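The sequence shown begins at 45 in the working numbering and counts up by one.
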Amino acid sequence: MLGRSILNSTTSCDNRMFVYEISGLRQSDQTMLNNASIRKSSNTLIPIPFSRMNEFMQRINRLGGQIVAIHSSLEAATQGNSEAAE
């Protein structure tokens, strides 16, 4: 019975968002299929839901990028507010 309640419940982890800081994305055969080119001059911030984290990390690796940092969306918002206050 306990197993059923766990499977049917929605937890807060389903709603969590993370912000990935990525560097080194480069143009490749796979990214040439996109209409927009990728610049490699600076880091890129991309919000990702918790449920897609593993898939996204594999994709960044295939595209030649490097994950510099991962922040929870709450942590990133808190840092942005504290920097704006200064």
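Here a beta-carbon is modelled for each residue, glycine too, at the ideal position from N, C-alpha and C. If you're wondering where the values come from, they're calculated on a predicted model, not measured in any experiment.
Coarse secondary structure for residue i, derived from DSSP in three states
{"i": "S117", "result": "helix"}
{"i": "L89", "result": "strand"}
Residue from the options whose Cα sits closest to the Cα of residue i
{"i": "G108", "options": "G68, N98 and L89", "result": "G68"}
Nonlocal neighbours in the same chain, by C-beta distance under 8 Å from residue i, ignoring five residues either side
{"i": "R60", "result": "P93, F94, S116 and S117"}
{"i": "I111", "result": "Y64, E65, I66, M101 and I104"}
{"i": "S86", "result": "S67"}
Bridge-paired residues (DSSP) for residue i
{"i": "M61", "result": "P93"}
{"i": "I66", "result": "T88 and I111"}
Contacts around residue i, its chain only, beta-carbon distance under 7 Å, and the 5 residues preceding and following it disregarded
{"i": "M45", "result": "Reliability fails at M45, whose pLDDT of 47 lies under 50, so the model's placement of it is uncertain and no value is given."}
{"i": "I114", "result": "F62 and Y64"}
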